[in-house]
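One structure below.
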Amino acid sequence: MKLFDVYPLFTITPVKAAGCYVWDSEGKKYLDLYGGHAVISIGHSHSHYVAKISEQLTKIGFYSNSVQNPLQQELAEKLGEASGYNNYQLFLCNSGAEANENAIKLASFVTGKKKFISFQKGFHGRTSAAVALTDNPKIVAPVNKTENAVILPFNDITAVKTELEKGGVAAIIVEGIQGIGGIHIPAKQFLEELGQLSKQYGFLFILDEIQSGYGRSGKFFAHQYFDVHPDIITTAKGMGNGFPIGGVLIHPEIHPWHGMLGTTFGGNHLACAAAIAVLDVMKDEKLVQNAEKVGNYLMQKLAELKSGFEIRGKGLMIGLEFQHPIKEIRNKLLFEHGIFTGVSGQNIIRLLPPLSLSIEQANEFVNAFKKVLTDISVSMVEK
Ligand SMILES: Cc1ncc(COP(=O)(O)O)c(C=O)c1O
281 MKLFDVYPLF TITPVKAAGC YVWDSEGKKY LDLYGGHAVI SIGHSHSHYV
331 AKISEQLTKI GFYSNSVQNP LQQELAEKLG EASGYNNYQL FLCNSGAEAN
381 ENAIKLASFV TGKKKFISFQ KGFHGRTSAA VALTDNPKIV APVNKTENAV
431 ILPFNDITAV KTELEKGGVA AIIVEGIQGI GGIHIPAKQF LEELGQLSKQ
481 YGFLFILDEI QSGYGRSGKF FAHQYFDVHP DIITTAKGMG NGFPIGGVLI
531 HPEIHPWHGM LGTTFGGNHL ACAAAIAVLD VMKDEKLVQN AEKVGNYLMQ
581 KLAELKSGFE IRGKGLMIGL EFQHPIKEIR NKLLFEHGIF TGVSGQNIIR
631 LLPPLSLSIE QANEFVNAFK KVLTDISVSM VEK
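Whatever position you read off the sequence shown (first residue = 1), add 280 for the numbering used here.
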């Protein structure tokens with residue numbers, strides 16, 4: 281059987297990884313400034329993580345959500361402590377899209393309404409309701425198109441108020457920091473006003489922290505830079521350091537009933553063991569603080585290059601926007617310097633390394649990046 285060919289692939293086959301490095305099948309070493317798409321939080325193959333999952337597998341890997349699983353409670357307690365949302369409730373699922381799909385469904389159940397507002401350049405996943413709220417018509421199939429999804433200009437509070445006046449809004453969903461759209465941080469006043477409007481108009485405020493959460497921004501959740509108190513927070517990516525797991529953090533005043541939400545695999549023993557190990561390591565190694573420190577250092581060093589690109593970001597979620605396509609820069613970094621980076625559109629490089637990135641590794645990237653920019657400008661002059 282052939283694979284369904286939906287991904288453009290690099291000609292690289294990673295076979296081994298440790299910390300912030302990956303090795304391919306030829307033995308070549310790469311510095312990982314991409315974190316497997318913002319997923320690797322505590323570093324590849326961390327010994328505590330490997331031990332916790334391996335040990336769990338020798339006991340019990342899976343049983344259904346019809347029995348007691350104390351690992352779910354342990355995870356909920358540790359996540360409450362790490363995030364500061366001790367009094368919220370946790371629903372466990374398997375991916376980012378699934379977390380948002382459940383958040384949207386929950387908001388509709390709670391309010392009895394069906395209209396949702398999201399924002400331009402936003403990404404919320406590829407499942408039915410989530411993709412309808414994602415600003416990319418190419419990935420919205422006819423079956424996903426709905427008048428209940430209204431996508432408004434980002435940071436435009438007047439547009440939001442106009443839409444709210446029409447009535448029927450169940451929730452507004454916004455990313456803590458827009459990731460796939462190119463690292464755009466919501467304006468403080470915009471985000472805080474959304475929070476206030478939610479009380480005034482009675483809609484639920486959903487923060488999609490799937491990419492920007494779990495310490496990546498230098499706070500546990502990116503919205504914690506502001507004075508906002510979401511009703512629902514969604515998380516995935518960094519939560520399992522590569523083990524598929526997602527979560528929905530739900531305000532204490534939202535009451536569940538049996539059967540309201542559900543999943544076969546969500547919150548299984550192995551996934552919980554992985555996610556608990558992640559939180560243990562984040563706490564022991566102070567990775568949220570490290571993301572803030574190394575992220576600030578990296579952004580400062582990049583600013584010193586003064587090479588005509590815009591730098592946006594917080595912590596280790598950084599976007600570098602050029603006035604021209606960055607394909608050549610990215611390829612040179614990867615094939616000549618052995619450094620993985622991410623992209624957004626044609627012109628933006630995205631840096632999403634493990635939260636354990638060191639100052640030395642940040643320097644390794646900056647030096648290679650400087651060399652690539654110099655080589656490219658020399659070759660442009662020669663042309
Ligand atoms: C902000 C945001 N929301 C949702 C998703 C969807 O997550 P998943 O790919 O795990 O379904 C992503 C994935 O990149 C994301 O960045």
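Ideal Cβ positions, reconstructed from N, Cα and C, are used throughout, including at glycine.
| Asked | Found |
| --- | --- |
| When Leu313, Asn643, Asp560, Gly518 are compared against glutamate 361, the one with the closest alpha-carbon | Asp560 |
| Local conformation of tyrosine 481 per DSSP, three classes | helix |
| Cβ neighbours of leucine 444 in the same chain (closer than 6 Å, five flanking residues each side left out) | Tyr481 |
| Heavy atom of ligand 1 within 6 Å of glutamine 491 beta-carbon | yes |
| Where lysine 650 falls: helix, strand or coil (DSSP) | helix |
| Short Cβ contact (7 Å threshold) for alanine 554 with isoleucine 333 | yes |
| Rounded straight-line distance, which links the Cα of glycine 546 to that of asparagine 382 | 12 Å |
| Residues near glycine 448 by beta carbon distance below 8 Å, same chain, minus five either side | Lys393, Lys394, Lys395 |
| Alanine 516 beta carbon less than 7 Å from that of serine 305 | no |
| Backbone CA spacing between lysine 563 and asparagine 570 [nearest angstrom] | 11 Å |
| Buried versus exposed, by CB contacts within 10 Å (16 or more), methionine 281 | exposed |
| Candidates Glu572, Glu584, Phe342: closest to lysine 650 by CA position | Glu584 |
| Validate contact between the region 600 to 608 and the region 288 to 296 using beta carbons, cut 8 Å, 3 pairs | no |
| First through last residue of the alpha helix (DSSP H) which encompasses tyrosine 329 | 327 to 339 |
| Buried/exposed call for methionine 660, threshold 16 Cβ in 10 Å | exposed |
| Beta-carbon proximity list for isoleucine 457, same chain, < 8 Å, skipping 5 on both sides | Ile463, His464, Ile465, Pro466, Gln491, Ser492, Ser497, Ala502, Gly593, Lys594, Met597 |
| Strand pairing of arginine 630, partner residues [DSSP] | Gly599, Gly622 |
| Distance cut-off 6 Å: glutamate 572 Cβ against heavy atoms of ligand 3 | This structure simply doesn't include ligand 3; it includes ligand 1 instead. |
| For valine 646 and lysine 581, believed in contact at Cβ under 8 Å, the rounded distance | 5 Å |
| Isoleucine 486 vs isoleucine 453 beta-carbon contact at 7 Å | yes |
| Classification of valine 295 by the beta-carbon crowding that lies within 10 angstroms, buried from 16 upward | exposed |
| Minimum Cβ-Cβ distance from glutamine 476 to chain D less than 7 Å | The structure shown contains no chain D; it holds only a single protein chain. |
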